Amino acid sequence: MRSISIVIPTFNEEESVDELYSRLAAVTAGLKDYLFEFIFVDDGSADGTVRKVKSINQRDGRVKLLSFSRNFGHQSALIAGLDHASGDAVIVMDADLQHPPELIPELIREWRAGYEVVNTIRRETVDAGWFKKASSAFFYMLINKLSQVKILPNSADFRLMDMKAVRSLCSIREQSRFIRGLVVWIGYRQTAVPYVAVQRFAGKSKYSLRKMVAFAFDGISSFSAFPLRVATYFGLLVSFLSFVYAIFAVYVKLFTDKAIAGWTSVLVVSLFLGGVQLLTIGCMGEYINRIYTEVKRRPLYIVRETAGIEKASDRQGLD
Ligand code: UDP
Ligand code: MG
Numbered sequence: 422m423r424s425i426s427i428v429i430p431t432f433n434e435e436e437s438v439d440e441l442y443s444r445l446a447a448v449t450a451g452l453k454d455y456l457f458e459f460i461f462v463d464d465g466s467a468d469g470t471v472r473k474v475k476s477i478n479q480r481d482g483r484v485k486l487l488s489f490s491r492n493f494g495h496q497s498a499l500i501a502g503l504d505h506a507s508g509d510a511v512i513v514m515d516a517d518l519q520h521p522p523e524l525i526p527e528l529i530r531e532w533r534a535g536y537e538v539v540n541t542i543r544r545e546t547v548d549a550g551w552f553k554k555a556s557s558a559f560f561y562m563l564i565n566k567l568s569q570v571k572i573l574p575n576s577a578d579f580r581l582m583d584m585k586a587v588r589s590l591c592s593i594r595e596q597s598r599f600i601r602g603l604v605v606w607i608g609y610r611q612t613a614v615p616y617v618a619v620q621r622f623a624g625k626s627k628y629s630l631r632k633m634v635a636f637a638f639d640g641i642s643s644f645s646a647f648p649l650r651v652a653t654y655f656g657l658l659v660s661f662l663s664f665v666y667a668i669f670a671v672y673v674k675l676f677t678d679k680a681i682a683g684w685t686s687v688l689v690v691s692l693f694l695g696g697v698q699l700l701t702i703g704c705m706g707e708y709i710n711r712i713y714t715e716v717k718r719r720p721l722y723i724v725r726e727t728a729g730i731e732k733a734s735d736r737q738g739l740d
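Numbering (our numbering), first residue to last: 422 to 740.
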């Protein structure tokens, strides 16, 4: 019999856990040919999420808990779940029921048809405001322009992966793992099925604006060196313009009597160059920061406690 692990990162989702569990139980009850495990990865919730998951674990041993010592972020929670999954395939999904459990049979069907990665494409998000929609569209446009990997817009961290693909993904030992990009990067036979994202079942989005911006930066910097090259392009452009301007200045000096002016141009040029320099230094700083983070090789997450998991991986996201 084949087994399937379902990995669910949770961060303050106490109101959604019971509903999610009962919907998952109902859907998987119809899939008699498979064994399931449900790994809830608690990303340092401050509410009763851990208590809820533990109490479900008492009733149903298929429900397992991996609980972090603090909030390490959604991507780290996903990786921890993948590190500890034991199924022949792993499904990752959100806890807030925006990823409908009812799509699971279809994901499994595509897997059985031979696809090693089954992605999902969000058709519409009833919940999302214009800002989230616009910023998300802009982000996917940007990352697809700047990087080699092509990420489908409206992709979400809701997908099925064959254990082969999971191993490949877990073998990437980067600190900042932008999973949506890496899943494309690892290759394999991939497909995508559409779904409609409904309203969040309870509570507010756990992705604050700060987390979203950090996520976008990580995504772009781990798949593109273009921002670093901006310095070179700017340098070339500015040098060319300066050359043209120098010729003009020499002309004015030699052939006219208006050579005293120049206060404005000096000011404009130095302000402009100052801006360009700060911009490019900042951009390099972003990359140096990421090199620094990689070099420290800290674990991606720290597990405080587990329930139902035989042996917590002591790798904690490292070798
Ligand atoms: N999440 C997490 N850690 C975080 C933020 C979010 O584990 O720091 C989880 C959250 O509990 C949910 C999933 O990641 O299961 C997606 O978050 P959310 O639904 O808030 O994001 P949105 O759908 O608004 O983009
Ligand atoms: Mg959500």
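Glycine included, each C-beta is placed from N, C-alpha and C at the ideal position. All values derive from a computational prediction rather than experimental measurement.
Boundaries of the alpha helix (DSSP H) in which residue i is found, first to last residue
i: P648; result: 647–676
i: V448; result: 435–450
i: K475; result: 470–480
i: K485; result: Segment 484–489 is the beta strand (DSSP E) holding K485; no alpha helix (DSSP H) there.
i: V513; result: Not the alpha helix (DSSP H): V513 falls in the beta strand (DSSP E), residues 510–513.
i: Q496; result: 495–505
i: V604; result: 600–606
i: S556; result: 551–567
i: R423; result: Counting along the chain, R423 falls outside any alpha helix (DSSP H), though it belongs to the beta strand (DSSP E) covering 423–431.
Straight-line gap, residue i to residue j (C-alpha atoms, nearest Å)
i: F644; j: I709; result: 15 angstroms
i: R610; j: H520; result: 22 angstroms
i: D578; j: M514; result: 6 angstroms
i: L486; j: E731; result: 11 angstroms
i: K679; j: S660; result: 25 angstroms
i: L590; j: A667; result: 54 angstroms
i: V716; j: G494; result: 20 angstroms
i: G640; j: R601; result: 8 angstroms
Coarse secondary structure for residue i, derived from DSSP in three states
i: M582; result: strand
i: Y536; result: coil
i: Y713; result: helix
i: A728; result: strand
i: I593; result: coil
i: V570; result: coil
i: P615; result: strand
Check whether residue i and residue j have beta carbons under 9 angstroms apart
i: G502; j: V538; result: no
i: P574; j: S557; result: yes
i: A637; j: F560; result: yes
i: L441; j: P522; result: yes
i: R423; j: L456; result: yes
i: S497; j: L721; result: yes
i: A652; j: T701; result: yes
i: C704; j: L649; result: yes
i: I512; j: L452; result: no
Range covered by the beta strand (DSSP E) that runs through residue i
i: Y455; result: 455–463
- Item | For the ligand ATP, residues whose Cβ lies under 7 angstroms from any non-hydrogen atom | Absence of the ligand ATP from the depicted structure is noted, with the ligand UDP and the ligand MG being the only ligands included.
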